[in-house]
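Shown next, in structure tokens, is the structure this report addresses.
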Amino acid sequence: MPSRRPALSTASASPPGDSSVPPRTEEAAAHQGRLRLRDWSGLSCWPIFIHDRAHHVGGMRWEGVGASHTAAWLVRAGSVTVATGGHEATARVGDWMVPSRSRHRNSFSADAAILSVRLHALWPDGRPLIDPRLAFVLPRDATQELSSLAKRLERFATRNFTQADTGMEWKRADAVQYLDLNRHFFAWLTEFVARLAEAGCPPTTPARADERALRAAQLLNTMPLHEAWDLAGLAARVGLSPAHLNRLFVEAFDTTPRQYYQQRRKRAALHLLREEALPIKQAAATLGFSSACYFTAWFRAQFGTPPAQWRRRPARGEA
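The numbering of the sequence shown is this note's numbering, which starts it at 17 and goes up by one.
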């Protein structure tokens, strides 16, 4: 009996553990969204923030530019319009809006209110799991279960974590809390991905790459940011020499392991300064800098302005 959610099928194109399957067979399966279960484990996925009417958005307008996270908004009151190039999409009460990840403009009606879920969902090669080129509206009559799961997720997050409307990835939890949060989050995400797939926006799959390069990317995505950069240590963990790892990594991701890790550090620095509002000295320590001076010099080199000055700039809206 066919599944009602074909986009989420994880049926393997080969027996588990069989690495002798012809590449074309695996490529065909990946093209249909079917990967080996162990390949799905390469997906880095967690909630960034969850809130219901916690931030005032009524009458607001802002430009979104190349967001590194995926946003999804349940319209609770009023309406929201997202323009991407010459394309406009409007969501009204009960609808879900999924903004494009490319440059776009968000406009909220004066009476607008939203339940917002923002999530990180990236493959090791940097591809987002959800990558709409234009804004998507999921209509109310097709998303009743999605909305119910989102409200349940928001209630759980608010009850168990302080300020769940910002920086969920930095919150602390014991094993039971962590697994319980994931139970609610992945129930919502499963429904979200299924509804998007039905609407013509299926989830992506990662580029084919050497498994050792993929493993290195996974390690870079999860290693503590205060740890010193160690290419030799990273290479040893995946069974390669530093030069061989560099070559395979560039072939797979068009960037070196060091550059890949630096991009993660840069995203974390911006998050710590703006969303977490950490003092500069504390942000520096979190990212492994021995002093605020070294961090300031690095930040200026990356972003063209010192962190204190950057933080005083008006923030681009996020919801």
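Beta carbons are placed, not taken as given, at the ideal position from N, Cα and C, and that holds for glycine.
Query raised in the report: So what does DSSP say about Ile146, is it helix, strand or coil?
Result: coil
Requested in this report: Whole angstroms is fine: what's the gap from Arg54's alpha carbon to Val114's?
Outcome: 28 Å
Query raised in the report: In chain order, what residues of the same chain lie with their CB nearer than 8 Å to the CB of Leu235, ignoring the 5 residues before and after it?
Result: Leu250, Arg253, Val254
Query raised in the report: Ordered along the chain, which non-local residues of its own chain (more than five positions away) have a Cβ less than 7 Å from that of Phe201?
Result: Pro63, Leu169
Query raised in the report: Tell me which same chain residues have a C-beta within less than 6 Å of the C-beta of Tyr276, skipping the five on either side of it?
Result: Leu236
Query raised in the report: Rounded to a whole number of angstroms, what is the C-alpha to C-alpha distance between Ala158 and Arg92?
Result: 16 Å
Query - Sequence-distant residues of the same chain with beta carbon closer than 7 Å to Phe315, five excluded per side - result: Ala285, Pro322, Pro323
Report task. Kindly identify the DSSP beta-bridge partner or partners of Ile296. Result -> The partner list for Ile296 (beta bridge, DSSP) is empty, contrary to what the question assumes.
Query raised in the report: For Ala88, which residues of its own chain have a beta-carbon under 7 Å away from its beta-carbon, when the five flanking residues on both sides are left out?
Result: Trp112, Val114, Val133, Phe208
Requested in this report: Name the one or two DSSP bridge partners that Asp55 has.
Outcome: Paired residue(s): none; Asp55 is not in a bridge.
Requested in this report: Going by CA-CA distance only, name the one from Ala232, Asp226, Ala137 that's closest to Glu185.
Outcome: Ala137
Report task. Within 10 angstroms of the Cβ of Trp116, are there 16 or more other Cβ atoms? Answer buried if so, exposed if not. Result -> Sequence check: residue 116 is Ser here, not Trp. Buried, since its Cβ has 16 or more Cβ neighbours within 10 Å.
Requested in this report: Give, in chain order, every unbroken run of the alpha helix (DSSP H) that is at least 4 residues long and sits entirely within the segment 212–255.
Outcome: 227–238, 247–253
Query - Sufficient close CB pairs (3 or more, under 8 Å) joining the segment 136–151 to the segment 219–229 - result: yes
Query - Beta-carbon gap between Leu12 and Ile130 smaller than 8 Å - result: Past the boundaries of the shown model lies residue 12; the chain is included only from 17 to 335, so the question cannot be answered.
Query - Reduced DSSP secondary structure (H/G/I, E/B, other) of Asp127 - result: coil
Query - Cα-Cα separation between Gln325 and Ser123, rounded to whole angstroms - result: 28 Å
Query raised in the report: From Thr312 to Ala300, what does the alpha carbon distance come to, in whole angstroms?
Result: 8 Å
**Report entry** Counterpart residues of His67 in DSSP-defined beta bridges
**Finding:** Ser132
Query raised in the report: Grouping DSSP H, G and I as helix and E and B as strand, with all else coil, what is Trp78?
Result: strand
Query raised in the report: Going by beta carbon distance, what residues of the same chain come within less than 6 Å of Ala105, once the five residues before and after it are set aside?
Result: Val98, Ala151, Val153
Query raised in the report: How should Pro38 be labelled, buried or exposed, when 16 other C-beta atoms within 10 angstroms of its C-beta is the threshold for buried?
Result: Note that Pro38 scores 47 on pLDDT, short of 50, meaning its location in the model is unreliable and no value can be drawn from it.
Requested in this report: Pull up the DSSP beta-bridge partners for Asn122, would you.
Outcome: Trp78, Val98
Report task. Indicate whether Pro273 and Ala232 have their beta-carbon atoms separated by less than 8 Å. Result -> yes
**Report entry** Proximal residues to Leu165 (C-beta, below 8 Å), its chain only, five neighbours per side dropped
**Finding:** His200, Ala203, Trp204, Glu207
Requested in this report: Have a look at Gly74 and Arg329 and give me their C-alpha separation to the nearest angstrom.
Outcome: 22 Å
Query raised in the report: How about Ala189 and Ile66: do their beta carbons lie closer than 8 Å?
Result: no
Query raised in the report: Considering only C-alpha positions, which residue in the set Val266, His85, Leu197 is nearest to Arg228?
Result: Val266
Query raised in the report: Who pairs with Thr178 in a beta bridge, going by DSSP?
Result: According to DSSP, Thr178 bridges with nothing at all.
Query - Leu303 - DSSP class collapsed to helix/strand/coil - result: coil
Query raised in the report: Which of the three DSSP states, helix, strand or coil, is assigned to Gln279?
Result: helix
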